[in-house]
Amino acid sequence: DAGVTQSPTHLIKTRGQHVTLRCSPISGHKSVSWYQQVLGQGPQFIFQYYEKEERGRGNFPDRFSARQFPNYSSELNVNALLLGDSALYLCASSRELAYEQFFGPGTRLTVL
Amino acid sequence: RKEVEQDPGPFNVPEGATVAFNCTYSNSASQSFFWYRQDCRKEPKLLMSVYSSGNEDGRFTAQLNRASQYISLLIRDSKLSDSATYLCAVNPVTGGGNKLTFGTGTQLKVEL
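Protein chains in written order, with the working numbering: chain L, 369 to 480; chain Y, 76 to 187.
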């Protein structure tokens with residue numbers, strides 16, 4: 369089975385712009401979570417979605433939003449980009465809400 | 076105090092050595108625990124879930140100590156290919172949901 373896929377792999381934006389990142393979970397997985405990882409740190413939780421509903425939100429500003437579609441894929445949107453948003457954005461899927469999470473390869477975002 | 080703490084290392088060990096990492100967590104209500112392995116500029120890969128009874132997978136053994144609020148990972152007969160960053164992750168959420176809180180990771184370098 370294919371793993372979690374994410375697009376794009378790399379992205380360069382300038383401050384103030386908007387970005388949309390995409391994630392497709394492992395087939396049969398209903399939950400998608402988003403994490404931000406900056407260099408030298410562990411991933412930090414942003415959102416979790418299950419059956420198209422938000423089931424958890426981390427300590428991120430309202431500039432960050434997400435949604436999950438009927439096919440369980442998900443988008444993460446970030447508005448008004450700041451230099452500090454430069455990071456690796458990871459999507460993880462799990463079969464059900466509280467099951468083990470498997471990560472995709474990530475989208476590396478650079479904000480100039 | 077950080078929710079999840081790890082010694083960042085690096086741990087430099089010779090091939091064939093046994094190495095152990097600890098990870099402490101602050102929320103006594105935490106429900107589930109995991110070890111992930113992350114190679115440089117790659118996504119975290121699930122290594123093991125950690126159960127109350129402890130679990131073993133080949134050269135890897137994970138243990139949970141709820142009384143002292145830490146989890147451990149033991150790697151026996153280290154291989155060069157074990158060189159990576161090892162992240163512990165804790166789910167502090169009760170009643171469903173799976174917001175993983177990660178430590179900063181422990182870097183392992185296995186040398187000839």
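Ideal placement from N, C-alpha and C gives every residue a C-beta, glycine not left out.
The continuous beta strand (DSSP E) containing residue 159(Y) extends over residues 159-166.
Think of a sphere of 8 Å around the beta carbon of residue 448(L): no beta carbon from chain Y falls inside it, the nearest being about 25 Å out. For residue 84(Y), no CB of chain L lies under 7 Å from its own CB, so it is not counted at the interface with that chain. Residue 436(L) has a beta carbon lying at 7 Å or more from every beta carbon in chain Y. About 7 Å separates the CB atoms of residue 146(Y) and residue 137(Y); that is less than 8 Å, so the two are in contact. Buried is the label assigned to residue 459(L), since at least 16 other Cβ atoms lie within 10 Å of its Cβ.
Within the same chain, and ignoring the five residues on either side of residue 385(L) in sequence, the residues whose Cβ sits closer than 7 Å to its Cβ are 449. Residue environment analysis places residue 407(L) among the exposed positions, since fewer than 16 neighbouring C-beta atoms fall within 10 angstroms of its C-beta.
Think of a sphere of 9 Å around the beta carbon of residue 413(L): the chain Y residues whose beta carbon falls inside it are 174, 175, 176, 177, in chain order. In the structure shown, the three-state DSSP call for residue 155(Y) is helix.
Under DSSP, residue 390(L) takes part in a beta bridge, and its partners are 375(L), 443(L). Comparing alpha-carbon positions, the option among 92(Y), 185(Y), 90(Y), 84(Y) lying closest to residue 98(Y) turns out to be 84(Y). A residue is called buried once 16 or more other Cβ atoms fall within 10 Å of its Cβ, and residue 380(L), having fewer, is exposed. Shown here for residue 132(Y): same chain residues with a beta carbon closer than 7 Å to its own, the five before and five after excluded, namely 123 in chain order. In this structure, residue 181(Y) keeps its C-beta atom at 7 Å or more from the C-beta atom of residue 114(Y). At the C-beta level, residue 404(L) and residue 391(L) stay beyond 7 Å of one another.
Residue 405(L) is bridged by DSSP to 456(L). At a cut-off of 7 Å between beta carbons, residue 421(L) makes no contact with chain Y.
Not one beta carbon of chain Y lies nearer than 7 Å to the beta carbon of residue 432(L).
Under the 7 Å criterion on CB atoms, residue 119(Y) is classed as interfacial with respect to chain L.
Per the coordinates, the alpha-carbon of residue 395(L) lies some 7 Å from the alpha-carbon of residue 370(L). Among the CB atoms of chain L, one or more fall inside 7 Å of the CB of residue 124(Y).
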